[in-house]
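Just so you know, the numbering used here puts 64 at position 52 of the first sequence, and the rest follows in order with no gaps.
Notes to accompany the following structure.
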Amino acid sequence: MMNKILELYNELLELYGLQGWWPIKGVYHKENYSYPRNEQEQFEVIIGAILTQNTAWTNVETAIENLRNIKCVDAEQILATSKEKIREAIKPAGYFNQKTDYLVNIAWFYKQLNGKTPTREELLAVKGVGNETADSIMLYAYNQPEFIVDAYTKRLLTKKGLITGKESYEAIKILFEKNLPKDVKLFQEYHALIVEEGKKNSITS
DNA sequence: AGCCAGGCTACCG
DNA sequence: CGGTAGCATGGC
Numbered sequence: 013m014m015n016k017i018l019e020l021y022n023e024l025l026e027l028y029g030l031q032g033w034w035p036i037k038g039v040y041h042k043e044n045y046s047y048p049r050n051e052q053e054q055f056e057v058i059i060g061a062i063l064t065q066n067t068a069w070t071n072v073e074t075a076i077e078n079l080r081n082i083k084c085v086d087a088e089q090i091l092a093t094s095k096e097k098i099r100e101a102i103k104p105a106g107y108f109n110q111k112t113d114y115l116v117n118i119a120w121f122y123k124q125l126n127g128k129t130p131t132r133e134e135l136l137a138v139k140g141v142g143n144e145t146a147d148s149i150m151l152y153a154y155n156q157p158e159f160i161v162d163a164y165t166k167r168l169l170t171k172k173g174l175i176t177g178k179e180s181y182e183a184i185k186i187l188f189e190k191n192l193p194k195d196v197k198l199f200q201e202y203h204a205l206i207v208e209e210g211k212k213n214s215i216t217s
């Protein structure tokens with residue numbers, strides 16, 4: 013018999029279908045997992061992961077478009093641009109003072125990687141990158157099998173009675189990873205489905 | 001007119 | 001360690 017974590021995945025998949033995350037240039041590439049296709053797209057995923065911290069994705073889209081207009085969906089360009097300009101561009105995403113610093117930090121980090129794939133620990137050492145952002149970057153920018161735990165995930169698992177809600181980030185992450193095959197596509201779709209479910213169901217359901 | 005959104009850091013006990 | 005204030009915009 014299947015475990016509850018895998019059952020939940022199949023239930024969500026049945027409900028919502030394949031999601032095809034992460035959106036690039038506002039587009040969800042359903043049933044195509046060859047993204048990101050180049051460094052520009054990879055870096056777009058990374059800045060999106062930072063900008064979406066506690067922020068609605070629609071606001072992030074606007075911020076990324078503003079950054080695109082000033083050629084700053086690019087690590088070198090961010091480092092060559094004044095913080096004031098970046099701050100203005102990402103204003104719609106909120107927390108713009110913090111996030112400007114975070115973007116500069118990740119730009120330095122990305123540049124020194126010189127094309128290498130970072131470890132999760134290296135990402136966590138960047139100020140502005142916490143557990144969820146690190147896992148989002150690993151899973152969607154680098155296609156590494158790290159399961160993402162977010163507010164929707166905790167809420168859904170609590171509602172399903174699979175956790176109490178008091179577990180740590182790490183504990184919930186491990187719960188998923190030990191009950192699922194270590195499959196990047198599966199991890200990508202599962203998190204996307206959880207977000208879809210979270211968006212469609214109000215806080216009080 | 002609040003409350004919420006794909007969190008993180010700093011600081012407290 | 002766990003708990004929480006502060007950060008900020010836009011949509012409903």
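Ideal placement from N, C-alpha and C gives every residue a C-beta, glycine not left out.
Because the structure is a prediction, the values reported are computed rather than measured.
| Item | Value |
| --- | --- |
| With respect to the alpha helix (DSSP H) encompassing Asn109, which residues constitute its N-terminal and C-terminal limits? | Phe108 to Leu125 |
| Ignoring anything shorter than 4 residues, give me the alpha helix (DSSP H) runs that lie fully in the region 138-176, in order along the chain. | 143-148 and 163-171 |
| Where Ile62 and Ile175 are concerned, what is the direct C-alpha to C-alpha distance, given to the nearest angstrom? | 27 Å |
| How many Å lie between Gln124 and Leu27 at the Cα? | 42 Å |
| Are at least three pairs of beta-carbons, each pair with one atom in the region 94-101 and one in the region 131-149, less than 8 Å apart? | no |
| Under 6 Å Cβ to Cβ from His203, same chain only, skipping five residues before and after it: list those, please. | Ile160 |
| Please say whether Asn66 and Pro104 have beta carbons closer to each other than 9 Å? | no |
| In the DSSP assignment, find the alpha helix (DSSP H) that holds Asn71 and state where it starts and stops. | Trp69 to Asn81 |
| What is the DSSP secondary structure of Val85, counted as helix, strand or coil? | coil |
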